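Read the structure below first, then the notes.
In the numbering used here, the protein residues as written are 8 to 490.
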(Lines of atoms letter the chains of each structure in order from A; the text may use other names.)
(Lines give C-alpha, C1' and ligand atoms only; values in the text may rest on other atoms or scores of the structure.)
Protein backbone atom coordinates (compact mmCIF):
# COMPACT_ATOMS: atom_id res chain seq x y z
CA UNK A 8 0.00 0.00 0.00
CA UNK A 9 1.20 3.51 -0.79
CA UNK A 10 2.30 5.59 2.20
CA UNK A 11 0.11 8.55 1.24
CA UNK A 12 -3.03 6.37 1.30
CA UNK A 13 -1.99 4.70 4.54
CA UNK A 14 -1.50 7.89 6.56
CA UNK A 15 -4.33 9.98 5.10
CA UNK A 16 -6.28 9.91 8.39
CA UNK A 17 -3.38 11.06 10.57
CA UNK A 18 -1.90 13.97 8.59
CA UNK A 19 -3.29 17.36 7.59
CA UNK A 20 -4.91 17.73 4.17
CA UNK A 21 -2.56 18.99 1.50
CA UNK A 22 0.56 17.23 2.78
CA UNK A 23 2.01 14.99 0.11
CA UNK A 24 4.65 12.27 0.19
CA UNK A 25 6.97 10.75 -2.38
CA UNK A 26 5.81 7.39 -3.79
CA UNK A 27 6.68 4.93 -1.03
CA UNK A 28 5.34 1.40 -0.89
CA UNK A 29 4.64 0.07 2.62
CA UNK A 30 4.81 -3.71 3.00
CA UNK A 31 3.87 -3.96 6.70
CA UNK A 32 3.69 -1.99 9.96
CA UNK A 33 5.94 -2.54 12.99
CA UNK A 34 6.42 -1.08 16.46
CA UNK A 35 9.54 -3.16 17.20
CA UNK A 36 12.63 -2.29 15.19
CA UNK A 37 13.76 -5.93 15.23
CA UNK A 38 10.65 -6.89 13.23
CA UNK A 39 11.34 -4.33 10.49
CA UNK A 40 12.17 -5.60 7.00
CA UNK A 41 12.45 -3.84 3.64
CA UNK A 42 9.39 -1.66 3.15
CA UNK A 43 8.11 -1.62 6.74
CA UNK A 44 6.47 1.44 8.27
CA UNK A 45 8.01 1.82 11.73
CA UNK A 46 5.89 3.48 14.43
CA UNK A 47 8.06 4.79 17.27
CA UNK A 48 6.11 4.36 20.51
CA UNK A 49 7.19 5.70 23.88
CA UNK A 50 6.70 2.88 26.40
CA UNK A 51 7.06 2.55 30.16
CA UNK A 52 10.68 1.45 30.02
CA UNK A 53 11.73 1.84 26.39
CA UNK A 54 11.34 4.70 23.90
CA UNK A 55 10.85 3.50 20.34
CA UNK A 56 12.40 6.72 19.03
CA UNK A 57 15.78 5.44 20.23
CA UNK A 58 15.43 2.54 17.79
CA UNK A 59 14.64 4.56 14.67
CA UNK A 60 18.24 4.20 13.33
CA UNK A 61 17.97 0.42 13.78
CA UNK A 62 14.60 0.38 11.98
CA UNK A 63 16.03 2.35 9.05
CA UNK A 64 19.05 0.06 8.95
CA UNK A 65 16.67 -2.92 8.69
CA UNK A 66 14.88 -1.37 5.70
CA UNK A 67 12.07 0.82 7.06
CA UNK A 68 10.49 2.80 4.22
CA UNK A 69 8.96 5.44 6.53
CA UNK A 70 8.73 6.46 10.19
CA UNK A 71 5.92 7.73 12.41
CA UNK A 72 7.24 9.70 15.40
CA UNK A 73 5.99 12.07 18.09
CA UNK A 74 7.61 15.16 16.60
CA UNK A 75 10.79 15.23 18.65
CA UNK A 76 13.89 16.47 16.83
CA UNK A 77 15.45 13.58 14.94
CA UNK A 78 17.56 15.43 12.41
CA UNK A 79 17.40 14.65 8.71
CA UNK A 80 16.30 11.08 8.01
CA UNK A 81 16.76 9.18 4.74
CA UNK A 82 13.07 8.16 4.76
CA UNK A 83 9.82 10.11 5.28
CA UNK A 84 9.12 10.97 8.94
CA UNK A 85 5.43 11.54 9.72
CA UNK A 86 5.17 13.57 12.93
CA UNK A 87 2.04 13.07 15.04
CA UNK A 88 0.87 14.04 18.51
CA UNK A 89 0.17 10.45 19.58
CA UNK A 90 2.05 7.59 17.86
CA UNK A 91 -0.05 4.97 19.72
CA UNK A 92 -3.25 6.36 18.23
CA UNK A 93 -1.54 6.67 14.85
CA UNK A 94 -0.54 2.99 15.00
CA UNK A 95 -4.20 2.07 15.47
CA UNK A 96 -5.31 4.31 12.59
CA UNK A 97 -2.75 3.07 10.05
CA UNK A 98 -3.22 -0.58 11.06
CA UNK A 99 -6.97 -0.34 10.45
CA UNK A 100 -6.34 1.32 7.08
CA UNK A 101 -3.66 -1.18 6.06
CA UNK A 102 -5.93 -4.16 6.77
CA UNK A 103 -9.01 -2.57 5.21
CA UNK A 104 -11.00 -1.74 8.37
CA UNK A 105 -12.04 -5.38 8.86
CA UNK A 106 -14.31 -4.80 11.88
CA UNK A 107 -16.76 -2.97 9.62
CA UNK A 108 -17.54 -6.42 8.20
CA UNK A 109 -17.79 -8.15 11.60
CA UNK A 110 -20.05 -8.05 14.65
CA UNK A 111 -17.65 -7.18 17.47
CA UNK A 112 -18.58 -7.59 21.12
CA UNK A 113 -16.28 -6.07 23.75
CA UNK A 114 -16.25 -7.19 27.39
CA UNK A 115 -14.51 -5.08 30.01
CA UNK A 116 -14.26 -5.18 33.80
CA UNK A 117 -11.78 -6.21 36.47
CA UNK A 118 -12.87 -9.85 36.74
CA UNK A 119 -14.93 -12.27 34.68
CA UNK A 120 -13.97 -11.20 31.16
CA UNK A 121 -12.54 -14.55 30.01
CA UNK A 122 -15.29 -16.71 31.51
CA UNK A 123 -18.06 -14.44 30.21
CA UNK A 124 -16.49 -14.46 26.74
CA UNK A 125 -16.15 -18.26 26.83
CA UNK A 126 -19.81 -18.75 27.76
CA UNK A 127 -21.00 -16.37 25.03
CA UNK A 128 -18.72 -18.11 22.53
CA UNK A 129 -20.39 -21.45 23.31
CA UNK A 130 -23.85 -19.89 23.03
CA UNK A 131 -23.13 -18.39 19.62
CA UNK A 132 -21.65 -21.67 18.41
CA UNK A 133 -24.83 -23.41 19.56
CA UNK A 134 -26.70 -20.94 17.34
CA UNK A 135 -24.52 -22.08 14.38
CA UNK A 136 -22.62 -18.81 14.18
CA UNK A 137 -18.97 -18.76 13.14
CA UNK A 138 -17.39 -17.08 16.15
CA UNK A 139 -13.95 -16.29 17.52
CA UNK A 140 -12.90 -15.30 21.03
CA UNK A 141 -9.94 -12.94 21.56
CA UNK A 142 -8.30 -12.40 24.93
CA UNK A 143 -5.85 -13.76 27.49
CA UNK A 144 -6.05 -17.22 25.88
CA UNK A 145 -5.15 -15.81 22.45
CA UNK A 146 -7.56 -16.59 19.61
CA UNK A 147 -10.07 -19.33 20.38
CA UNK A 148 -11.66 -20.38 17.11
CA UNK A 149 -11.79 -23.32 14.74
CA UNK A 150 -8.34 -23.75 13.22
CA UNK A 151 -6.48 -21.84 15.95
CA UNK A 152 -4.39 -23.06 18.89
CA UNK A 153 -4.96 -21.09 22.12
CA UNK A 154 -1.86 -19.40 23.56
CA UNK A 155 -1.58 -16.94 26.41
CA UNK A 156 -1.17 -13.32 25.25
CA UNK A 157 -1.91 -9.84 26.49
CA UNK A 158 -5.62 -9.53 27.32
CA UNK A 159 -5.90 -7.25 24.29
CA UNK A 160 -3.11 -7.45 21.64
CA UNK A 161 -1.39 -4.40 20.12
CA UNK A 162 -3.45 -2.64 17.39
CA UNK A 163 -1.38 -3.98 14.52
CA UNK A 164 -1.68 -7.62 15.55
CA UNK A 165 -5.32 -6.98 16.44
CA UNK A 166 -6.28 -5.58 13.03
CA UNK A 167 -4.30 -8.33 11.30
CA UNK A 168 -6.26 -10.92 13.30
CA UNK A 169 -9.57 -9.28 12.43
CA UNK A 170 -8.66 -9.28 8.73
CA UNK A 171 -7.66 -12.94 8.86
CA UNK A 172 -10.84 -13.94 10.70
CA UNK A 173 -13.09 -11.95 8.37
CA UNK A 174 -11.41 -13.50 5.31
CA UNK A 175 -12.00 -16.97 6.78
CA UNK A 176 -15.71 -16.32 7.11
CA UNK A 177 -16.00 -15.60 10.82
CA UNK A 178 -18.91 -13.27 11.57
CA UNK A 179 -18.87 -12.60 15.33
CA UNK A 180 -15.86 -11.63 17.46
CA UNK A 181 -16.04 -11.74 21.26
CA UNK A 182 -13.24 -9.69 22.71
CA UNK A 183 -11.81 -9.12 26.19
CA UNK A 184 -10.96 -5.43 26.46
CA UNK A 185 -8.49 -4.39 29.18
CA UNK A 186 -8.10 -0.94 30.69
CA UNK A 187 -4.54 -0.83 29.32
CA UNK A 188 -5.86 -1.44 25.79
CA UNK A 189 -8.44 1.32 26.13
CA UNK A 190 -5.95 3.78 27.63
CA UNK A 191 -3.27 2.98 25.04
CA UNK A 192 -5.63 3.26 22.05
CA UNK A 193 -5.18 -0.38 21.02
CA UNK A 194 -8.90 -0.63 20.20
CA UNK A 195 -9.41 2.95 19.00
CA UNK A 196 -10.25 1.76 15.48
CA UNK A 197 -12.32 -1.28 16.38
CA UNK A 198 -15.97 -0.89 15.41
CA UNK A 199 -17.71 -2.32 18.47
CA UNK A 200 -21.37 -3.26 18.11
CA UNK A 201 -21.87 -4.22 21.75
CA UNK A 202 -20.06 -3.60 25.01
CA UNK A 203 -20.44 -5.33 28.38
CA UNK A 204 -19.31 -4.26 31.85
CA UNK A 205 -18.76 -7.01 34.45
CA UNK A 206 -17.43 -5.25 37.57
CA UNK A 207 -14.81 -2.85 38.86
CA UNK A 208 -12.45 -3.31 41.82
CA UNK A 209 -8.90 -2.09 42.60
CA UNK A 210 -6.47 -3.47 40.01
CA UNK A 211 -3.62 -2.21 37.81
CA UNK A 212 -2.98 0.68 40.20
CA UNK A 213 0.69 0.31 39.32
CA UNK A 214 -0.40 1.66 35.90
CA UNK A 215 -3.44 3.81 36.67
CA UNK A 216 -2.67 6.61 39.15
CA UNK A 217 -6.09 6.25 40.81
CA UNK A 218 -9.34 4.29 40.77
CA UNK A 219 -10.92 7.29 39.06
CA UNK A 220 -8.40 7.00 36.22
CA UNK A 221 -9.02 3.23 36.04
CA UNK A 222 -12.79 3.85 35.86
CA UNK A 223 -12.45 6.45 33.10
CA UNK A 224 -10.30 4.06 31.06
CA UNK A 225 -13.12 1.50 31.21
CA UNK A 226 -15.70 4.07 30.08
CA UNK A 227 -13.92 4.53 26.75
CA UNK A 228 -15.44 1.28 25.46
CA UNK A 229 -18.93 2.68 26.06
CA UNK A 230 -18.06 6.07 24.56
CA UNK A 231 -17.10 4.24 21.37
CA UNK A 232 -20.39 2.35 20.95
CA UNK A 233 -22.68 3.58 18.16
CA UNK A 234 -26.21 4.70 19.00
CA UNK A 235 -27.37 1.58 17.16
CA UNK A 236 -25.29 -0.61 19.49
CA UNK A 237 -26.02 -2.07 22.93
CA UNK A 238 -24.38 -1.72 26.34
CA UNK A 239 -24.84 -4.57 28.84
CA UNK A 240 -24.14 -3.25 32.34
CA UNK A 241 -24.00 -5.11 35.66
CA UNK A 242 -26.04 -3.00 38.07
CA UNK A 243 -25.04 -5.22 41.01
CA UNK A 244 -21.65 -3.49 40.86
CA UNK A 245 -21.58 -0.11 42.56
CA UNK A 246 -20.02 1.45 39.43
CA UNK A 247 -22.65 0.00 37.08
CA UNK A 248 -24.91 3.05 36.97
CA UNK A 249 -21.93 5.36 36.48
CA UNK A 250 -20.79 3.22 33.54
CA UNK A 251 -24.33 3.29 32.12
CA UNK A 252 -24.35 7.10 32.16
CA UNK A 253 -21.23 7.09 29.97
CA UNK A 254 -22.72 4.89 27.24
CA UNK A 255 -23.49 6.32 23.81
CA UNK A 256 -25.65 3.24 23.12
CA UNK A 257 -28.89 2.08 24.76
CA UNK A 258 -28.22 0.31 28.08
CA UNK A 259 -29.52 -3.11 29.14
CA UNK A 260 -29.24 -3.40 32.92
CA UNK A 261 -28.59 -6.80 34.50
CA UNK A 262 -28.71 -8.05 38.10
CA UNK A 263 -28.86 -11.27 40.06
CA UNK A 264 -31.61 -9.81 42.22
CA UNK A 265 -34.25 -8.24 39.97
CA UNK A 266 -35.03 -4.53 39.48
CA UNK A 267 -33.26 -4.62 36.12
CA UNK A 268 -33.96 -5.45 32.48
CA UNK A 269 -32.56 -8.99 32.72
CA UNK A 270 -32.15 -10.87 35.99
CA UNK A 271 -32.16 -14.22 37.79
CA UNK A 272 -35.70 -14.97 38.94
CA UNK A 273 -34.37 -18.18 40.54
CA UNK A 274 -30.78 -19.06 41.45
CA UNK A 275 -29.08 -21.86 43.35
CA UNK A 276 -25.37 -22.68 43.35
CA UNK A 277 -23.42 -25.45 45.07
CA UNK A 278 -20.74 -28.06 44.35
CA UNK A 279 -22.98 -29.45 41.59
CA UNK A 280 -22.91 -26.15 39.71
CA UNK A 281 -25.24 -23.25 39.00
CA UNK A 282 -28.95 -23.70 38.33
CA UNK A 283 -31.81 -21.25 37.94
CA UNK A 284 -33.89 -19.15 35.59
CA UNK A 285 -33.03 -15.89 33.85
CA UNK A 286 -35.94 -13.59 33.00
CA UNK A 287 -35.91 -11.00 30.22
CA UNK A 288 -39.37 -9.55 29.72
CA UNK A 289 -41.58 -12.52 28.83
CA UNK A 290 -38.58 -14.69 27.95
CA UNK A 291 -37.40 -17.32 30.44
CA UNK A 292 -33.99 -18.98 30.08
CA UNK A 293 -33.30 -22.15 32.05
CA UNK A 294 -29.74 -22.26 33.42
CA UNK A 295 -27.90 -25.50 34.16
CA UNK A 296 -24.13 -25.17 34.40
CA UNK A 297 -21.25 -27.15 35.88
CA UNK A 298 -19.42 -23.88 36.62
CA UNK A 299 -19.02 -23.05 40.30
CA UNK A 300 -19.61 -19.94 42.36
CA UNK A 301 -21.87 -16.91 42.59
CA UNK A 302 -19.43 -14.86 40.51
CA UNK A 303 -19.86 -17.37 37.67
CA UNK A 304 -23.62 -16.87 37.97
CA UNK A 305 -22.86 -13.20 37.24
CA UNK A 306 -20.75 -14.24 34.24
CA UNK A 307 -23.53 -16.49 32.92
CA UNK A 308 -26.07 -13.68 33.35
CA UNK A 309 -23.86 -11.26 31.41
CA UNK A 310 -23.27 -13.74 28.56
CA UNK A 311 -26.97 -14.64 28.36
CA UNK A 312 -27.94 -10.96 28.30
CA UNK A 313 -25.59 -10.33 25.38
CA UNK A 314 -27.00 -13.35 23.55
CA UNK A 315 -30.59 -12.18 24.09
CA UNK A 316 -29.63 -8.72 22.79
CA UNK A 317 -28.14 -10.39 19.70
CA UNK A 318 -31.44 -12.16 19.07
CA UNK A 319 -30.28 -15.69 19.91
CA UNK A 320 -33.07 -18.22 20.51
CA UNK A 321 -33.57 -19.61 24.06
CA UNK A 322 -32.72 -23.21 23.09
CA UNK A 323 -29.33 -22.18 21.69
CA UNK A 324 -28.65 -20.09 24.81
CA UNK A 325 -29.49 -22.99 27.13
CA UNK A 326 -27.39 -25.45 25.11
CA UNK A 327 -24.45 -23.04 25.03
CA UNK A 328 -24.50 -22.62 28.81
CA UNK A 329 -24.53 -26.39 29.31
CA UNK A 330 -21.74 -26.88 26.74
CA UNK A 331 -19.43 -24.44 28.54
CA UNK A 332 -17.77 -26.82 30.97
CA UNK A 333 -14.89 -25.93 33.27
CA UNK A 334 -12.59 -23.33 31.73
CA UNK A 335 -8.95 -24.28 32.21
CA UNK A 336 -7.49 -22.45 35.20
CA UNK A 337 -10.84 -20.95 36.22
CA UNK A 338 -12.30 -22.80 39.23
CA UNK A 339 -10.82 -25.97 37.74
CA UNK A 340 -11.30 -28.93 40.09
CA UNK A 341 -9.12 -32.00 40.76
CA UNK A 342 -9.63 -34.95 43.12
CA UNK A 343 -6.79 -36.64 45.01
CA UNK A 344 -6.89 -40.39 45.60
CA UNK A 345 -7.50 -39.83 49.33
CA UNK A 346 -10.67 -37.84 48.58
CA UNK A 347 -9.23 -34.35 49.05
CA UNK A 348 -10.16 -31.67 46.51
CA UNK A 349 -7.94 -29.16 44.71
CA UNK A 350 -9.30 -26.09 42.93
CA UNK A 351 -7.12 -23.98 40.62
CA UNK A 352 -8.19 -20.43 39.82
CA UNK A 353 -6.62 -17.47 38.03
CA UNK A 354 -7.80 -15.04 40.75
CA UNK A 355 -5.19 -12.32 41.24
CA UNK A 356 -7.14 -9.32 42.54
CA UNK A 357 -8.50 -8.61 46.02
CA UNK A 358 -12.07 -8.77 44.74
CA UNK A 359 -11.49 -12.09 42.97
CA UNK A 360 -9.82 -13.52 46.09
CA UNK A 361 -12.84 -12.59 48.21
CA UNK A 362 -15.34 -14.04 45.73
CA UNK A 363 -13.44 -17.26 44.96
CA UNK A 364 -12.45 -18.04 48.54
CA UNK A 365 -15.87 -17.12 49.90
CA UNK A 366 -17.54 -19.42 47.38
CA UNK A 367 -15.26 -22.38 48.11
CA UNK A 368 -15.45 -21.86 51.88
CA UNK A 369 -19.21 -22.26 51.63
CA UNK A 370 -18.82 -25.56 49.75
CA UNK A 371 -16.21 -27.33 51.85
CA UNK A 372 -16.92 -30.31 54.11
CA UNK A 373 -17.71 -29.12 57.66
CA UNK A 374 -14.91 -31.31 59.06
CA UNK A 375 -12.40 -30.34 56.39
CA UNK A 376 -9.81 -27.59 56.22
CA UNK A 377 -9.37 -25.06 53.42
CA UNK A 378 -5.70 -24.45 52.62
CA UNK A 379 -4.45 -21.89 50.12
CA UNK A 380 -1.41 -21.68 47.83
CA UNK A 381 -0.86 -18.16 46.51
CA UNK A 382 1.62 -15.37 45.80
CA UNK A 383 1.75 -11.92 44.21
CA UNK A 384 3.21 -10.84 40.88
CA UNK A 385 6.33 -8.73 40.67
CA UNK A 386 6.46 -5.34 38.93
CA UNK A 387 2.75 -4.90 39.63
CA UNK A 388 0.75 -2.99 42.25
CA UNK A 389 2.70 -3.64 45.46
CA UNK A 390 0.11 -1.93 47.65
CA UNK A 391 -2.31 -4.86 47.36
CA UNK A 392 0.12 -7.56 48.56
CA UNK A 393 -0.58 -7.26 52.28
CA UNK A 394 -4.31 -7.09 51.54
CA UNK A 395 -4.11 -10.32 49.50
CA UNK A 396 -2.44 -11.93 52.50
CA UNK A 397 -5.11 -10.59 54.85
CA UNK A 398 -7.93 -11.97 52.67
CA UNK A 399 -6.22 -15.36 52.31
CA UNK A 400 -5.78 -15.57 56.10
CA UNK A 401 -9.44 -14.62 56.61
CA UNK A 402 -10.60 -17.69 54.65
CA UNK A 403 -7.73 -20.18 54.88
CA UNK A 404 -6.76 -22.61 57.62
CA UNK A 405 -3.19 -22.96 56.32
CA UNK A 406 -1.44 -20.64 53.86
CA UNK A 407 1.38 -21.64 51.51
CA UNK A 408 2.99 -18.46 50.17
CA UNK A 409 4.91 -19.06 46.95
CA UNK A 410 6.28 -17.11 43.95
CA UNK A 411 3.87 -16.05 41.19
CA UNK A 412 5.80 -14.38 38.36
CA UNK A 413 8.18 -12.27 40.49
CA UNK A 414 9.61 -10.76 37.30
CA UNK A 415 12.43 -8.32 38.16
CA UNK A 416 11.65 -8.19 41.89
CA UNK A 417 13.18 -10.30 44.63
CA UNK A 418 10.95 -13.19 45.70
CA UNK A 419 11.67 -12.68 49.41
CA UNK A 420 10.72 -9.00 49.22
CA UNK A 421 7.33 -9.84 47.67
CA UNK A 422 6.69 -12.60 50.21
CA UNK A 423 7.58 -10.29 53.11
CA UNK A 424 5.08 -7.70 51.86
CA UNK A 425 2.39 -10.42 51.79
CA UNK A 426 3.31 -11.41 55.36
CA UNK A 427 2.70 -7.83 56.53
CA UNK A 428 -1.02 -8.49 56.08
CA UNK A 429 -1.04 -11.59 58.31
CA UNK A 430 -1.73 -11.59 62.03
CA UNK A 431 -1.33 -15.30 62.81
CA UNK A 432 1.25 -18.05 62.33
CA UNK A 433 -0.69 -20.34 60.00
CA UNK A 434 1.58 -19.69 57.01
CA UNK A 435 4.60 -21.24 55.35
CA UNK A 436 6.78 -19.37 52.89
CA UNK A 437 8.62 -20.82 49.87
CA UNK A 438 10.88 -19.38 47.20
CA UNK A 439 9.99 -22.26 44.85
CA UNK A 440 6.32 -22.65 43.88
CA UNK A 441 6.65 -26.30 42.90
CA UNK A 442 8.05 -27.23 46.33
CA UNK A 443 5.36 -25.21 48.10
CA UNK A 444 2.53 -26.68 46.03
CA UNK A 445 3.75 -30.26 46.46
CA UNK A 446 4.03 -29.68 50.20
CA UNK A 447 0.49 -28.33 50.32
CA UNK A 448 -0.82 -31.31 48.34
CA UNK A 449 0.94 -33.77 50.65
CA UNK A 450 -0.63 -32.16 53.72
CA UNK A 451 -4.26 -32.63 52.59
CA UNK A 452 -6.64 -34.86 54.51
CA UNK A 453 -9.59 -36.62 52.87
CA UNK A 454 -12.14 -33.86 53.60
CA UNK A 455 -9.79 -30.94 52.89
CA UNK A 456 -9.78 -28.50 49.97
CA UNK A 457 -6.65 -26.86 48.58
CA UNK A 458 -7.19 -23.64 46.63
CA UNK A 459 -4.35 -22.72 44.26
CA UNK A 460 -4.62 -19.08 43.22
CA UNK A 461 -3.00 -16.76 40.71
CA UNK A 462 -1.52 -18.63 37.78
CA UNK A 463 -4.50 -20.54 36.43
CA UNK A 464 -3.49 -22.26 33.19
CA UNK A 465 -0.16 -20.40 32.81
CA UNK A 466 2.73 -22.61 31.77
CA UNK A 467 5.67 -20.54 33.03
CA UNK A 468 7.18 -18.55 35.86
CA UNK A 469 8.47 -15.14 34.79
CA UNK A 470 11.72 -14.58 36.69
CA UNK A 471 14.42 -11.98 35.91
CA UNK A 472 13.38 -11.60 32.28
CA UNK A 473 13.05 -15.33 31.61
CA UNK A 474 9.92 -17.43 31.20
CA UNK A 475 10.79 -20.66 32.99
CA UNK A 476 8.48 -23.62 32.24
CA UNK A 477 6.14 -24.29 35.16
CA UNK A 478 2.46 -25.19 35.54
CA UNK A 479 0.29 -25.49 38.66
CA UNK A 480 -2.05 -27.81 36.75
CA UNK A 481 0.75 -30.09 35.53
CA UNK A 482 2.26 -30.17 39.04
CA UNK A 483 -1.09 -31.27 40.49
CA UNK A 484 -1.60 -33.91 37.79
CA UNK A 485 1.91 -35.28 38.40
CA UNK A 486 1.23 -35.47 42.14
CA UNK A 487 -2.04 -37.36 41.56
CA UNK A 488 -0.30 -39.77 39.17
CA UNK A 489 2.50 -40.45 41.68
CA UNK A 490 0.22 -40.82 44.70
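For every residue, glycine included, the Cβ atom is placed at its ideal position computed from N, Cα and C.
The structure displayed is predicted, hence computed values, not measured ones.
Taking only the alpha-carbon atoms, compute the straight-line gap between residue 68 and residue 55 and give it to the nearest angstrom. Distance between the alpha carbons of residue 68 and residue 55 is about 16 angstroms.
Cα-Cα, which of 295, 318, 288 is closest to residue 275? Looking at the Cα atoms, 295 is the closest of the given residues.
As an exercise, report each continuous beta strand (DSSP E) stretch of at least 3 residues that is fully enclosed by the stretch 328-387, in chain order. Whole beta strand (DSSP E) segments, 3+ residues: 339-342, 348-352, 377-381.
Any idea if residue 318 is buried or exposed, counting beta-carbon neighbours within 10 angstroms, 16 or more meaning buried? Taking all protein chains shown into account, residue 318 has fewer than 16 neighbouring C-beta atoms within 10 Å of its C-beta and is therefore exposed.
Beta-carbon proximity of residue 396 to residue 421, cut-off 7 angstroms: Taking 7 angstroms as the Cβ cut-off, residue 396 and residue 421 do not qualify as a contacting pair.
Residue 160, buried or exposed, once every other Cβ within 10 Å from all chains shown has been counted against 16: In summary, residue 160 is buried, with 16 or more beta-carbon neighbours lying within 10 Å of its beta-carbon over all protein chains present.
Kindly indicate the opening and closing residues of the beta strand (DSSP E) around residue 404. Premise fails: residue 404 is in no beta strand (DSSP E) and is neither H nor E.
How many angstroms separate the CA atom of residue 121 from the CA atom of residue 398? Here the C-alpha atom of residue 121 lies approximately 23 angstroms from the C-alpha atom of residue 398.
Among the candidates 290, 280, 432, whose CA atom is the shortest distance from the CA of residue 301? The shortest Cα separation from residue 301 among 290, 280, 432 belongs to 280.
By how many angstroms is the C-alpha of residue 487 removed from the C-alpha of residue 228? Looking at the backbone, the Cα of residue 228 and that of residue 487 are separated by about 44 angstroms.
Boundaries of the beta strand (DSSP E) in which residue 41 is found, first to last residue: That residue, residue 41, is in no beta strand (DSSP E); it is neither H nor E in DSSP.
Quickly, what does DSSP pair residue 273 with across the bridge? List them, please. Residue 273 is bridged to 284.
Does the beta-carbon of residue 472 have 16 or more other beta-carbons within 10 angstroms, so that it is buried, or is it exposed? It counts as exposed.
Looking at the strands, I want to know which residues DSSP matches up with residue 32. 44.
If you reduce the DSSP assignment to three classes, tell me which class residue 432 lands in. Residue 432: coil per DSSP, three-state reduction.
Return helix, strand or coil for residue 67, following the three-state DSSP convention. Residue state, collapsed to three classes: coil.
Counting only runs that start and end within the stretch 123-186, where is the beta strand (DSSP E) found for 3 or more residues in a row? Taking 3 residues as the minimum length, the beta strand (DSSP E) runs contained wholly in the stretch 123-186 are 138-142, 145-147, 179-183, in order along the chain.
With 16 other Cβ atoms within 10 Å as the buried cut-off, status of residue 453: Its Cβ having fewer than 16 others within 10 Å, residue 453 is exposed.
Residue 315 and residue 287 look like a contact to me (Cβ under 8 angstroms); what is the Cβ gap, rounded to whole Å? Correct: roughly 5 angstroms between the Cβ atoms.
Which residues in the same chain have their Cβ closer than 6 angstroms to the Cβ of residue 440, if we skip the five residues on either side of it in sequence? Result list for residue 440: 409, 410, in chain order.
For the beta strand (DSSP E) containing residue 476, name the first residue and the last one. Looking at the DSSP string, the run of the beta strand (DSSP E) that includes residue 476 is 473-476.
Can you give the Cα-Cα distance for residue 324 and residue 311, rounded to whole angstroms? Between residue 324 and residue 311, the C-alpha separation is close to 7 angstroms.
Tell me whether the beta-carbon of residue 379 lies closer than 7 angstroms to the beta-carbon of residue 436. No.
Between the Cα of residue 194 and those of 57, 111, 73, spot the shortest distance and give me the residue it belongs to. Closest by alpha carbon: 111.
Pick out whichever of 259, 241, 329, 244 has its Cα sitting closest to the Cα of residue 283. For residue 283, the nearest C-alpha among the options comes from 329.
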